[in-house]
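The block underneath contains the structure these notes are about, expressed in structure tokens.
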Amino acid sequence: MKNAIVKEKRSIKQKREKLVLFGVIEHYIRTGKAVGSNTLKEAGFKTLSSATIRNYFATLEKEGFLHQQHISGGRIPTEKAYRFYANEAFEKESVKEPNAKLKPLTAWDSKEITAFLQLSAETVSDITGLATFISAPRFDHDFIVDLKLLPLDLSRAVCLIITDFG
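If you read the sequence shown in my numbering, its first letter stands for residue -18, the second for the next number, and so on.
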């Protein structure tokens, strides 16, 4: 019985650590600034004390999820943290939903590249909730040969469309 209670408490602590980590990641993505315990507390973790948040920070730092640039500074997520965050997001059911929204793009049967680009941009914007921009030359009679989506950094990507014209 005592083992079950200890395991339950450990599980609750691990869930809170994960929530704190995700809070740091999301705040850092929004602001681009290192996140301190008071900042995180004010950003939605009011039930945790600043000291408790700092303890979670220390644990997450030891595990390689957070990095502190200097002793009195806030924490920033590491690459390991971003990978964990992304993997968790892909496991959620809601992430599978956009695949249905992408289906019309894979079944596109027109040779009208401009219309395809417009529909693609609108679809990506709808899925991500972000603005999309198209910068392309004028297409008259070109055919799409290949598409490549290349990440530029954590917040930007570029889609290369290769046509039979080059």
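Ideal Cβ positions, reconstructed from N, Cα and C, are used throughout, including at glycine.
Bear in mind the structure is a predicted one, so any value in this text is a computation, not a measurement.
My output table needs one value for residue i: the three-state DSSP class, helix, strand or coil.
i       : result
Gln(-5) : helix
Leu98   : helix
Ala138  : strand
Val76   : Residue confidence for Val76 is low, a pLDDT of 43 falling below 50, so the modelled location carries little weight and cannot support an answer.
Give every residue of the same chain whose Cβ lies closer than 7 Å to the Cβ of residue i, excluding the five residues on either side of it in the sequence, and list them in chain order.
i      : result
Ala24  : Gly4, His8
Ala155 : Within the shown structure, residues of the chain are numbered from -18 to 147, placing residue 155 beyond reach of any answer.
Thr40  : Glu(-2)
Val105 : Thr113
Phe38  : Ser18, Leu47, Arg56
Lys61  : Gly45, Phe46
Relative to the C-alpha of residue i, which candidate in the options has its C-alpha closest?
i      : options                        : result
Ile57  : Ile34, Leu128, Gln49           : Gln49
Leu0   : Leu29, Gly110, His51           : Leu29
Ala69  : Lys(-4), Arg(-9), Ser(-8)      : The residue asked about is misnamed: residue 69 is Glu in this sequence, not Ala. Answer by Cα proximity: Lys(-4).
Tyr63  : Ile52, Thr95, Ile10            : Ile10
Thr109 : Lys129, Arg137, Val126, Leu128 : Arg137
Here's a check: name, in chain order, each residue in its chain whose Cβ is nearer than 6 Å to the Cβ of residue i, leaving out the five neighbours to either side.
i     : result
Ser18 : Ser31, Ile34, Arg35
Gly54 : Ala15
Short of 8 Å in beta carbon distance, which residues of its chain neighbour residue i, apart from the five on each side in sequence? Order them along the chain.
i       : result
Tyr66   : Leu2, Phe3, Ile6, Pro58
Lys22   : Leu29, Ser30, Ser31, Ile34
Gln99   : Ile115
Ser(-8) : none
Could you name each continuous alpha helix (DSSP H) segment of 4 residues or more that falls completely within the region -7 to 74, going from the start of the chain to the end? 18 to 23, 31 to 43, 60 to 72
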